[in-house]
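Listed in order, the protein sequences are those of chains A and B. Numbering-wise, the first sequence is residues 30 to 206 according to the numbering used here. Numbering-wise, the second sequence is residues 30 to 206 according to the numbering used here.
There are 2 protein chains.
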Amino acid sequence: MSLKFSILGLLHYRDLHGYRIKEVLEQNFGHMWTINFGQIYPNLKKMLEEELITVEEQNCLGEKGPPRKLYSITEKGKQVFADWIASSPEKAMLLRDPFLMRFVFFGFGRKADALKIVEEQLEQYQTQLQFREQNLAKWQQNDIYVNLMAELGVKMNKMFLEWLQSAKQRIMESEES
Amino acid sequence: MSLKFSILGLLHYRDLHGYRIKEVLEQNFGHMWTINFGQIYPNLKKMLEEELITVEEQNCLGEKGPPRKLYSITEKGKQVFADWIASSPEKAMLLRDPFLMRFVFFGFGRKADALKIVEEQLEQYQTQLQFREQNLAKWQQNDIYVNLMAELGVKMNKMFLEWLQSAKQRIMESEES
DNA sequence: CCTCTCATGTAAGACGTTACATGATTCA
DNA sequence: TGAATCATGTAACGTCTTACATGAGAGG
Numbered sequence: 030m031s032l033k034f035s036i037l038g039l040l041h042y043r044d045l046h047g048y049r050i051k052e053v054l055e056q057n058f059g060h061m062w063t064i065n066f067g068q069i070y071p072n073l074k075k076m077l078e079e080e081l082i083t084v085e086e087q088n089c090l091g092e093k094g095p096p097r098k099l100y101s102i103t104e105k106g107k108q109v110f111a112d113w114i115a116s117s118p119e120k121a122m123l124l125r126d127p128f129l130m131r132f133v134f135f136g137f138g139r140k141a142d143a144l145k146i147v148e149e150q151l152e153q154y155q156t157q158l159q160f161r162e163q164n165l166a167k168w169q170q171n172d173i174y175v176n177l178m179a180e181l182g183v184k185m186n187k188m189f190l191e192w193l194q195s196a197k198q199r200i201m202e203s204e205e206s
Numbered sequence: 030m031s032l033k034f035s036i037l038g039l040l041h042y043r044d045l046h047g048y049r050i051k052e053v054l055e056q057n058f059g060h061m062w063t064i065n066f067g068q069i070y071p072n073l074k075k076m077l078e079e080e081l082i083t084v085e086e087q088n089c090l091g092e093k094g095p096p097r098k099l100y101s102i103t104e105k106g107k108q109v110f111a112d113w114i115a116s117s118p119e120k121a122m123l124l125r126d127p128f129l130m131r132f133v134f135f136g137f138g139r140k141a142d143a144l145k146i147v148e149e150q151l152e153q154y155q156t157q158l159q160f161r162e163q164n165l166a167k168w169q170q171n172d173i174y175v176n177l178m179a180e181l182g183v184k185m186n187k188m189f190l191e192w193l194q195s196a197k198q199r200i201m202e203s204e205e206s
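Okay, structure coming up:
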């Protein structure tokens, strides 16, 4: 379960509460990862029980905003994280793209429908590219790995965009089956 | 749930039984998708109830091999599939890569560990690339969309490989934090 | 005969999503 | 006062994975 380790990773940077964890994860991984409160809070609860993190409740003190719970990583948490990061990941990656899922079967649909959906996806890739280029700029001063990751995101996005543009041409030139 | 539609898509090409469906899906999407029998058989059962497919049991007839159940797509199934393929997909893609998940946090680990894991991943990308190039060659005569998809797979793989090679250089040249 | 592959299936549990419930603070 | 945002949480449901159970056929 990688949400657990993502949280431990983020807590290396600074203490966070659940709501903020979701924001940060969405900013960093939001283009390829969805996180729900329904996952975050139960996870934090479990990690507390495992003593990977500690909590400090900021109820009615001088801080502004509604009451929140600030989580910090423990020594045990750092150890568990360190073991994870030095262990070999499973090799398989999971790319689940609802667009590509349809795309591969477009031959059984109508060319006009295919082109309409391709058009929509091109816009999607363009919007996403802007977002990722902003991220890249924003993270310029971060550590080398975060930077490299952001660069990969931009490269990948550009490649998908170029691929889909040339695919659109090929589809338009193709004969109706 | 897209497994349902993948199965309907495959059944447009030819009738299949559950075991074969898994093989075909793994050959085509195996690098980005894992499918278990625990998903396939219950899905087929449900799709039968929804009358999207029909079944023909090949028990003790002249065919060789153990008894199997051959599934075909119905007219209703084709209709449901056609509606799906003409509908706009959700935009978000999901990229869940255990390697990248670790990579982004390598700054909190040791450089030697990072390099070891990067090395392993390079091999993984190389193996995968060979596999995808074979697929591309194999699908040369298939329809335009399947071809384009296979090309994307190869392009993406090459990009990841090149990115990780240059990342390795940058990591080696970087100062230990 | 034994093992491997082909083939179908179920059950338990982990993981993820959606929807709902609650309440405080902020700002118009 | 009312709506929007910040914040925490739970319950129900759906999906996915892992492990197991079963059995036929093929090949040594």
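Glycine included, each C-beta is placed from N, C-alpha and C at the ideal position. Bear in mind that the values here come from a model prediction, so they are computed numbers and not experimental data.
Cβ neighbours of residue i in the same chain (closer than 8 Å, five flanking residues each side left out)
| i | result |
| --- | --- |
| residue 144 of chain A | 197, 200 and 201 |
| residue 169 of chain B | 176 |
| residue 53 of chain A | 39 and 45 |
| residue 41 of chain B | 102, 107 and 110 |
| residue 158 of chain B | 183, 186, 187 and 190 |
Three-state secondary structure assigned by DSSP to residue i
| i | result |
| --- | --- |
| residue 191 of chain A | helix |
| residue 156 of chain A | helix |
| residue 31 of chain A | helix |
| residue 54 of chain A | helix |
| residue 102 of chain B | strand |
| residue 108 of chain A | helix |
| residue 87 of chain B | strand |
| residue 124 of chain A | strand |
| residue 161 of chain B | helix |
| residue 82 of chain A | strand |
| residue 97 of chain B | strand |
Candidates the options, of which the one nearest residue i by Cα
| i | options | result |
| --- | --- | --- |
| residue 138 of chain A | B/176, B/114, B/98 and B/179 | B/114 |
| residue 87 of chain A | A/53, A/47 and A/106 | A/47 |
| residue 74 of chain B | B/100, B/63 and B/51 | B/100 |
| residue 103 of chain A | A/84, A/54, A/147 and A/127 | A/84 |
| residue 59 of chain A | B/120, B/132 and B/194 | B/120 |
| residue 63 of chain B | A/134, A/124, A/159 and A/151 | A/124 |
| residue 117 of chain A | B/122, B/110 and B/151 | B/151 |
| residue 160 of chain A | A/141, A/191, A/183 and A/195 | A/183 |
| residue 133 of chain A | B/97, B/181 and B/66 | B/181 |
| residue 30 of chain B | A/126, A/30 and A/122 | A/126 |
| residue 174 of chain B | A/131, A/57, A/37 and A/156 | A/131 |
| residue 194 of chain B | B/147, B/165, B/61 and B/135 | B/147 |
| residue 112 of chain A | B/36, B/128, B/142 and B/204 | B/142 |
| residue 162 of chain A | A/186, A/61 and A/203 | A/186 |
| residue 204 of chain A | A/167, A/179, A/178 and A/136 | A/136 |
| residue 37 of chain A | A/96, A/105 and A/178 | A/105 |
| residue 140 of chain A | B/61, B/32, B/172 and B/97 | B/172 |
| residue 24 of chain A | B/67, B/77 and B/178 | Chain A is shown only over 30 to 206; residue 24 of chain A falls outside these bounds and no answer can be derived. |
| residue 225 of chain B | B/95, B/57 and B/67 | Residue 225 of chain B falls outside the range modelled here, since chain B spans only 30 to 206, and no answer is possible. |
| residue 34 of chain A | A/65, A/81, A/164 and A/97 | A/81 |
| residue 61 of chain B | A/122, A/158 and A/149 | A/122 |
| residue 65 of chain B | B/149, B/165 and B/32 | B/32 |
Sequence-distant residues of the same chain with beta carbon closer than 6 Å to residue i, five excluded per side
| i | result |
| --- | --- |
| residue 189 of chain A | 154 |
| residue 79 of chain A | none |
| residue 71 of chain B | none |
| residue 164 of chain A | 179 |
| residue 97 of chain B | 46 and 87 |
Contacts around residue i, its chain only, beta-carbon distance under 7 Å, and the 5 residues preceding and following it disregarded
| i | result |
| --- | --- |
| residue 69 of chain B | 47, 50 and 51 |
| residue 44 of chain B | 99, 100 and 101 |
| residue 77 of chain A | 84 |
| residue 95 of chain A | none |
| residue 55 of chain B | 64 |
Residue i CB to nearest heavy atom of the ligand PLP below 7 Å
| i | result |
| --- | --- |
| residue 36 of chain B | For the ligand PLP, the structure offers nothing, since it holds no ligand at all. |
Worksheet entry | Residues of the segment 151-179 of chain B whose Cβ lies closer than 8 Å to any Cβ of chain A, in chain order | 153, 172, 173, 174, 175, 177 and 178
### Task
Using a Cβ-Cβ cut-off of less than 9 Å, list which residues of the segment 103-132 of chain A approach chain B; keep chain order.
107, 110, 111, 113, 114, 115, 116, 117, 118, 119, 120, 121, 122, 123, 124, 125, 126, 127, 128, 129, 130, 131 and 132
Discussion item. Using a Cβ-Cβ cutoff of 8 Å, what residues of the segment 38-71 of chain B are near chain A? List them in chain order.
Written reply: 38, 41, 57, 60, 61, 62 and 63
*Using a Cβ-Cβ cut-off of less than 8 Å, list which residues of the segment 184-204 of chain B approach chain A; keep chain order.*
184, 185, 188, 189, 192, 196, 199, 200 and 203
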